């Protein structure tokens, strides 16, 4: 959900206070791909996204009310957040839904890990918020090799499997576009990350409320949905898109953004384990191998292996990028 890189870590990390929330967040976001898979069994992906962002928005509004925080009032900021809501929330959530109609939740979780590999070139070439160097170029190259490995290109690709994987990669690319856009046009605003994320979800709810009936017809009656699907939608919205953000912000306060963001490396692992155990999904040998290469590329590009995270100077208050997790 948050790709913030520049909050300073505290002098001493309290592992007993940090690890439970960190691991809980990895499980919540990793399990989101299971909930999407269950949800699209009975819901059109457009309606799955609508109900999900609606539940997430309601959750964050309740948290805001309890904390006596207000939504920002700057019209220009709302305009930028509308763009982020479309390309960073509504579109990728929907693409993952369509993708998981065709591929396993395991593959969707793996493709989600490619987001930083898309975000970095866009930040360098389009938004000019980052600079390219040899380490980052090597990391992107490794990530590309990992992508080809996940696809299994040596045995030929095609059909609905390829379409589904491209949709999941498209969702990750949307996140990769939204992150540098938000960094350039939204980061540094005085409003809290919680209120900015609530605005994104509110706008995404309105966007999907317009789009879903136009392209997917009338919404299904709640009585027509199974309890599994209803529970999955609530879990996606209230937990994965709402309360998980609050938990992630807590992790940032305890450990700093760079440490908290390493949850990204656990998410595909959790998604794979849950997909295999809970749904009985099969995994080809090259898919987890490709995922490891992708994660290695991300680690290299972010300077994790050398102990140096990218720390471009940014204000302390940062909006959190809503992601598929």
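In the working numbering, the protein residues as written are 139 to 463.
All C-beta atoms in this analysis are idealised placements derived from N, C-alpha and C, irrespective of residue type, glycine included.
What you are looking at is a predicted structure, and each value in this text was computed from that prediction instead of being measured.
Beta carbon of residue i, beta carbon of residue j: below 9 Å?
i: residue 329; j: residue 169; result: no
i: residue 392; j: residue 181; result: no
i: residue 300; j: residue 256; result: no
i: residue 312; j: residue 219; result: no
i: residue 188; j: residue 343; result: yes
i: residue 277; j: residue 435; result: yes
i: residue 171; j: residue 238; result: yes
i: residue 405; j: residue 284; result: no
i: residue 252; j: residue 279; result: no
i: residue 192; j: residue 346; result: yes
i: residue 161; j: residue 350; result: no
i: residue 367; j: residue 247; result: no
i: residue 249; j: residue 307; result: yes
i: residue 332; j: residue 384; result: yes
i: residue 303; j: residue 241; result: yes
i: residue 365; j: residue 175; result: no
i: residue 348; j: residue 216; result: no
Using C-beta distances below 7 Å, list every residue in its chain close to residue i, excluding the 5 sequence neighbours before and after it, in chain order.
i: residue 269; result: 262
i: residue 421; result: 244, 410 and 414
i: residue 274; result: 258 and 439
i: residue 165; result: 408
i: residue 222; result: 316, 319, 320, 324 and 338
i: residue 190; result: 231, 371, 374, 375 and 379
i: residue 336; result: 195, 198, 199, 202 and 209
i: residue 381; result: 197
i: residue 426; result: 410
i: residue 132; result: Within the shown structure, residues of the chain are numbered from 139 to 463, placing residue 132 beyond reach of any answer.
i: residue 234; result: 174, 246, 306, 309 and 462
i: residue 159; result: 385, 388 and 389
i: residue 207; result: 330, 332 and 333
i: residue 163; result: 382, 385, 386, 389 and 401
i: residue 354; result: 182, 184 and 185
By Cβ distance below 6 Å, which residues in the same chain neighbour residue i in space, the five residues on each side in sequence not counted?
i: residue 157; result: none
i: residue 225; result: 312, 315 and 316
i: residue 236; result: 183 and 305
i: residue 402; result: none
i: residue 437; result: 443
i: residue 363; result: 180
i: residue 428; result: 284, 287 and 288
i: residue 357; result: 185
i: residue 254; result: 436
i: residue 267; result: 261, 318, 321 and 322
i: residue 399; result: none
i: residue 419; result: 242, 244 and 413
Beta-carbon within less than 8 Å of residue i's beta-carbon, same chain only, minus the 5 sequence neighbours each way: which residues are those?
i: residue 155; result: 392
i: residue 265; result: 318, 319, 321 and 322
i: residue 377; result: 166
i: residue 424; result: 287, 288 and 290
i: residue 153; result: none
Between residue i and chain D, is the shortest Cβ-Cβ distance under 9 Å, so that the two count as touching?
i: residue 323; result: Of the chains in the structure shown, none is chain D; there is only one protein chain.
_Ignoring anything shorter than 4 residues, give me the alpha helix (DSSP H) runs that lie fully in the region 286-335, in order along the chain._
Correct list: 297-323.
*May I ask you to verify whether the region 191-207 touches the region 387-402, counting CB pairs closer than 8 Å and requiring at least 3?*
Three or more beta-carbon pairs separated by less than 8 Å are not found between the region 191-207 and the region 387-402, which leaves the two stretches without contact.
*Can you list the alpha helix (DSSP H) stretches of 4 or more residues lying completely in the region 165-209, in chain order?*
If we require 4 residues or more, the alpha helix (DSSP H) runs fully inside the region 165-209 come out as 183-204.
*Just list the alpha helix (DSSP H) runs in the region 335-379, keeping only unbroken ones of 4 residues or longer that don't cross its boundaries, in chain order.*
The qualifying runs are 365-372.
*asked:* So within the region 402-426, which uninterrupted alpha helix (DSSP H) runs reach at least 4 residues, ignoring any that extend past its ends?
replied: Counting whole runs of 4 or more residues, the region 402-426 contains the alpha helix (DSSP H) stretches 405-417.
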